[in-house]
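From first to last, the protein sequence lines are chains A and B. Sequential numbering of the first sequence, starting at 1, is according to our numbering. Sequential numbering of the second sequence, starting at 1, is according to our numbering. Here is the structure we will look at.
Number of protein chains: 2
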Amino acid sequence: MPSYHAPKQDLEFVLNDVLKAGQSDIPGYDQLEADLVSAILEEAGKIASDVLAPLNSVGDTEGCTLENGIVRTPTGFKEAFDQMKEGGWTALDCDPEYGGQGMPYVLGSAVGEIFVSANMAFNMYQGLTHGAYSAIHAHGTEAQKSTYLPKMVSCDWTGTMNLTEPHCGTDLGLMRTKAVPQGDGTYHVTGQKIFISAGDHDMSDNIIHLVLAKIPGGPEGIKGVSLFIVPKFIVNEDGSLGERNTLSVGKIEEKMGIHGNATCVMNYDGAVGYLLGEEHKGMRAMFTMMNEARIGVGLQGYAQAEAAYQNAVAYAKDRLQGRDVKGAKNPDGPADPLIVHPDIRRNLMEQKSFVEGARAFTLWGANLIDRAHGLNDEAAHGLISLLTPVIKGFQTDKGFEMCIQAQQVYGGHGYIEEWGMSQYARDARIAMIYEGANGVQALDLVGRKLAQDGGKHVMAFFDMIKTFVSENKGQDDAFDQDFLEPLKAASKDVQTASMYFMQSAMKDPNNALAGSYDFMHLFGHTCLGYMWALMGKSAREALALGQGDAAFYETKLATGRYYMKRQLPATAMHLARIQSGADPVMALDAEQF
Amino acid sequence: MPSYHAPKQDLEFVLNDVLKAGQSDIPGYDQLEADLVSAILEEAGKIASDVLAPLNSVGDTEGCTLENGIVRTPTGFKEAFDQMKEGGWTALDCDPEYGGQGMPYVLGSAVGEIFVSANMAFNMYQGLTHGAYSAIHAHGTEAQKSTYLPKMVSCDWTGTMNLTEPHCGTDLGLMRTKAVPQGDGTYHVTGQKIFISAGDHDMSDNIIHLVLAKIPGGPEGIKGVSLFIVPKFIVNEDGSLGERNTLSVGKIEEKMGIHGNATCVMNYDGAVGYLLGEEHKGMRAMFTMMNEARIGVGLQGYAQAEAAYQNAVAYAKDRLQGRDVKGAKNPDGPADPLIVHPDIRRNLMEQKSFVEGARAFTLWGANLIDRAHGLNDEAAHGLISLLTPVIKGFQTDKGFEMCIQAQQVYGGHGYIEEWGMSQYARDARIAMIYEGANGVQALDLVGRKLAQDGGKHVMAFFDMIKTFVSENKGQDDAFDQDFLEPLKAASKDVQTASMYFMQSAMKDPNNALAGSYDFMHLFGHTCLGYMWALMGKSAREALALGQGDAAFYETKLATGRYYMKRQLPATAMHLARIQSGADPVMALDAEQF
């Protein structure tokens, strides 16, 4: 049975040492004083280890069940959900006007990582509610906000997002769900939505579905899509729950993983809905949820890898098998622990250096979001918009890969469900698919984000790296060589690839699109390289000052060197693949496959 | 529900055009006349599509059950097994002296691919029997051979291999199972073995367990291990079945995949066993099975990817989503099929170019085995011994990765069990673990095989590539540039890495071991590059002669160009990682993880 302990010291290192959050001028960041952060992470870690993590395999084994139209969550989920609500965890970074605690998003993300690592399927009930909260907060009327938000902040009511239909996922313009205006300001929503996470369950009094649908007579395709609030129970004027809306669960899907979360087919049969935002501008409102959700999914990628890594390390220290080639390390035992073997080390270092890099990247991204919102910082907004598909796509691909590697450390036991490593891999797999499959993230990155606002955000990214390198070089040869030089080389590969796209896409747009997936990974490695350079700098500074836990900072530097030496060589490979252009990719006719 | 059709034309291309099997001087290859090969593959394809493939999801869903000590296989397995026996498929490449059909191993492998693609879990019952057959055939006494082999060739009796114990997998020297001599030539075997595939089931009259155990008083560790034949029912002198041996199934493991195969905990309680081969030489005898099994597992890697690929292609052609960026390809429909999109193409080309390269590599390896055995060819024996860990490790890593990619083409539907793509991924996952986890394969390659016989086999590999390049260059600029140059560069990367290992391992053996996994992948890509050069040459020759299906050969060349352009750039990355040496990998103390 796997266990989990929150990586509190590393989260604090990123928040305090790297982001220096407590010293920021972003509104609300004055709350991120080190002691308070420490106390919050400590408490989150306790509930994660003691309550959520033990339910992870319960959720996987029992799954959710649909009986007489009612979805039952696994044993213990409801009690745990109540504890999360009582502890105020669902309200952490929500608006105080609606009962939230008003903490910055960056702290919400740090705490979110802990909960996702402990139990991803469980945390989705709250995560989706947060997304729906954000959409209503950004686009709702005052009446809608006061009706729904307080209950959603407390998670007395939970939320969902309804996009996909059986025949359309990515291409939402094909949508068939209809919303017919009733003349009284309400709409009747009819259609079938699939893959609705947390679509129904027994942990909240009401469920607020946000549903994309078309109003008859509106524009064709994606431009005719509107967003609706469709509550499971209609809310009376006084805020009490009224009649049951005409929507139902068709079935719960049997999935590869995240069994603890009910993935529902939802049938809307003239259900009463309320327009959220403007008519035919549903995609804009939905993207408020989607962008947040995409960063949350990128977080899931590395959070699952973190949990898997912790267990792989424990197993590698515990399991005795073979001998250190340079002499027994456990001479009195029958064999040495697995961790003496170089290839086990390689495996664990891949995991560790990815997870810590991705943690920094995600919190750095959350910090950008706080900056964009809190200071109306257009540059921060542009940069996080550019990097969102990288956080989502790169981190979920790598996160899954690392779960597979962690499973591999266990040998045959990794394949046996009872050891729990299979679940991390099966659960992490969905993150590569939902909220826009990773190929769609790559398309968003190369097809939209790179050229957005005349390409100024990617230029700003290059400038940021360049400035960092020039400001920090020449102080320490080892740091220059181990961190700054590889970062410079990786950034140059991203620039070369971007240039190739600009030049060759004129001839044939497929030259860029055929390289989009590699570009996402090339960019992702470079971002993590940048994070490692930032972390390396912070660790060096702390060591120079003789402050804090020297062993921690030395470990950080060694882990960073691993990433630079062993991961960044991937950028040249991705560049070579990109520069081969569209021809190898597009050579075959469809019937030749 | 996924479907499967045997890739008959491609198998014939490898056997006839590339390996020119029918013209070989290897004993038995005169049977590999094109018409007979075609007829055999045709019939194998029929039973695979009609009988085995439909049972694949049944096996996954139902799994095996243990009731009152008896293992029941999923509905339909027994009837299908009977059909396989009646069709003579279990006897295809077995010795005619014991009822086999005496066909070469290379044809057995081609047919094996078809069965594994259709239903991996089902095919393991037969595959393990074949491994046990081979061990008894190579090491058994005449009496043992005549007692067991005819029934195992027909699969009236099936076989297993019993190595792992709860506390030892890779490090078999720690084994605790005991075999106590009874003075009458028999032994009493006592101990617990785990992860025993096909350990018990209801499809055969008897099960012949090959069990590793220690004879008390023998040498310590791995040098004191012997191999025993331990039948479920003791065989009387007249060949009839006698009393039930004292062995039992402790439980069936709940696994991530291959649910159709019963993975058993086996308890031996003084069970009657017969020594196979010599006392304390059990590992040698077991390796007869293991080497065959490792190639068989490498085959599973790409065979699962083939099945997944076929379904991903069908889905990509069928699912309408989005529009071709260069203009609608299906203007009368609501959207274009997925296959118009460059990133879907990239995904499918990765799969196709890997699977076809791995098919060639595996059959080329099987051909080497036939040559080694049939002609007592030491060079062939040395080469396949070197490449066995590459076939196993590289192909199962990549095969799993390709199953994940195929699943990704389906978007959200790929995560839903009913679509079947999850099963390919879950089933393929085990191949990276069993028969020696892939890290152990890499260790075998770098720690043993590279330097074996003074390194002459790896030198022969380099010479083989060099000779091929020099014999074929200068005839066609495009072929030189697209195939020979990338192959030369990849081979040079393998040589540079080998040289680095030789030089740096003197200083510190961990310099080689820390690069072993990357070396396995570097070597694997180079082998597949070589296969693509061989296949490209054959395709060019066929096109020049104007023979056969020109579209097939053009497709082959385009697929090969993809591999060379888009996959071989990985070799430089692996080399860079290798050349960073042991330092980044070994920098941390165990407690720093």
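No residue lacks a Cβ here, since even glycine has one placed at the ideal position from N, Cα and C. Keep in mind that this is a model prediction, so the values were computed, not measured.
Cβ of residue i within 7 Å of any chain A Cβ
| i | result |
| --- | --- |
| Ala570(B) | yes |
| Leu513(B) | yes |
| Tyr553(B) | no |
| Lys392(B) | no |
| Ala335(B) | yes |
| Asp50(B) | no |
| Ile136(B) | no |
| Arg577(B) | yes |
Residue-level contact to chain B via CB, residue i, 7 Å cutoff
| i | result |
| --- | --- |
| Lys556(A) | no |
| Ile40(A) | no |
| Leu66(A) | no |
| Gln592(A) | yes |
| Asn510(A) | yes |
| Tyr4(A) | no |
| Ile416(A) | yes |
| Ala411(A) | Per the sequence presented here, residue 411(A) reads as Gly, with Ala not at that position. Yes, Gly411(A) lies at the interface with chain B (some Cβ there is under 7 Å from its Cβ). |
| Leu15(A) | no |
| Glu253(A) | yes |
| Tyr424(A) | no |
| Tyr517(A) | yes |
Closer than 9 Å at the beta carbon, the chain B residues around residue i
| i | result |
| --- | --- |
| Glu12(A) | The premise fails here: Glu12(A) is roughly 18 Å from chain B at the closest Cβ pair, so nothing lies under 9 Å. |
Other residues of its chain near residue i: CB distance less than 6 Å, five sequence neighbours each side excluded
| i | result |
| --- | --- |
| Gly412(A) | none |
| His209(A) | Thr160, Asn162 and Val230 |
| Leu338(A) | Ala316, Arg319, Gln321 and Ile344 |
| Gln101(A) | Ala91 and Leu92 |
Where residue i meets chain A, residues with beta-carbon distance less than 7 Å
| i | result |
| --- | --- |
| Ala582(B) | Pro342 |
| Phe195(B) | Gly412 |
Identity of the residues DSSP links to residue i by a beta bridge
| i | result |
| --- | --- |
| Val265(B) | Lys251(B) |
| Arg244(A) | Phe233(A) |
| Arg72(B) | Thr65(B) |
| Leu210(A) | Met161(A) and Ile229(A) |
| Tyr274(B) | Thr186(B) and Ile229(B) |
| Gly181(B) | In the sequence under discussion, the amino acid at residue 181(B) is Pro, which differs from the Gly named in the question. DSSP, once it has assigned bridges, lists Tyr187(B) as partnering Pro181(B). |
| Cys168(A) | Glu165(A) |
| Ser197(B) | Thr263(B) |
Proximal chain A residues relative to residue i, where beta-carbon distance stays under 9 Å
| i | result |
| --- | --- |
| Leu348(B) | Leu588 and Phe593 |
| Leu484(B) | Chain A residues near Leu484(B): none, gap ~17 Å exceeds 9 Å. |
Proximity test, residue i beta-carbon vs the ligand MG heavy atom, cut-off 6 Å
| i | result |
| --- | --- |
| Thr526(A) | Of the ligands one can find in the structure shown there are none, so the ligand MG has no counterpart to examine. |
Neighbour list for residue i in chain B, Cβ cutoff strictly below 8 Å
| i | result |
| --- | --- |
| Phe523(A) | Ordered by position in chain B, no residue passes the 8 Å Cβ test against Phe523(A), which lies about 15 Å from the chain. |
| Asp200(A) | Chain B residues near Asp200(A): none, gap ~17 Å exceeds 8 Å. |
Nonlocal neighbours in the same chain, by C-beta distance under 7 Å from residue i, ignoring five residues either side
| i | result |
| --- | --- |
| Asn267(A) | Gln192, Leu247, Ser248 and Gly250 |
| His373(B) | none |
| Ala198(B) | Met124, Tyr125, Leu128, Thr158, Thr160, Asn261 and Ala262 |
| Leu487(B) | Ile465, Val469, Gly529, Tyr530 and Ala533 |
Neighbourhood of residue i by C-beta distance below 8 Å, restricted to the same chain and skipping five residues each side
| i | result |
| --- | --- |
| Gly273(A) | Ala179, Thr186, Tyr187, His188, Val189, Val211, Ala213, Phe228, Ile229 and Val230 |
| Phe354(B) | Tyr302, Ala305, Lys398, Gly399, Met402, Leu528, Tyr563 and Gln567 |
Partner residues on chain A for residue i, Cβ-Cβ distance less than 8 Å
| i | result |
| --- | --- |
| Val585(B) | Pro342, Arg345, Arg346, Met349, Tyr562 and Arg566 |
7 Å Cβ cut-off: residues of chain B touching residue i
| i | result |
| --- | --- |
| Leu443(A) | Asp343 |
| Lys352(A) | Phe593 |
| Tyr434(A) | Gly412 |
Inset, instruction - Taking 8 Å as the threshold, find out whether the stretch 523-533 of chain B comes into contact with the stretch 560-574 of chain B through three or more Cβ pairs. - result: With contact defined as three or more Cβ pairs closer than 8 Å, the stretch 523-533 of chain B and the stretch 560-574 of chain B are in contact.
Inset, instruction - Report the residues of the stretch 300-327 of chain B with a CB closer than 7 Å to any CB of chain E, ordered along the chain. - result: Included in the structure are the protein chains A and B, with no chain E among them.
Inset, instruction - Would you check if there are 3 or more beta carbon pairs closer than 8 Å linking the stretch 173-185 of chain B to the stretch 102-121 of chain B? - result: no
Inset, instruction - Flag this pair as touching only if the stretch 137-149 of chain A and the stretch 317-325 of chain A have three or more C-beta atom pairs under 8 Å; answer yes or no. - result: no
Inset, instruction - Evaluate the contact criterion for the stretch 30-42 of chain A versus the stretch 368-384 of chain A: three or more CB pairs, one atom per stretch, below 8 Å. - result: no
Inset, instruction - Would you check if the stretch 324-339 of chain A and the stretch 191-202 of chain A touch, i.e. whether three or more CB-CB distances between them fall below 8 Å? - result: no
Legend entry - Validate contact between the stretch 566-577 of chain A and the stretch 482-499 of chain A using beta carbons, cut 8 Å, 3 pairs: yes
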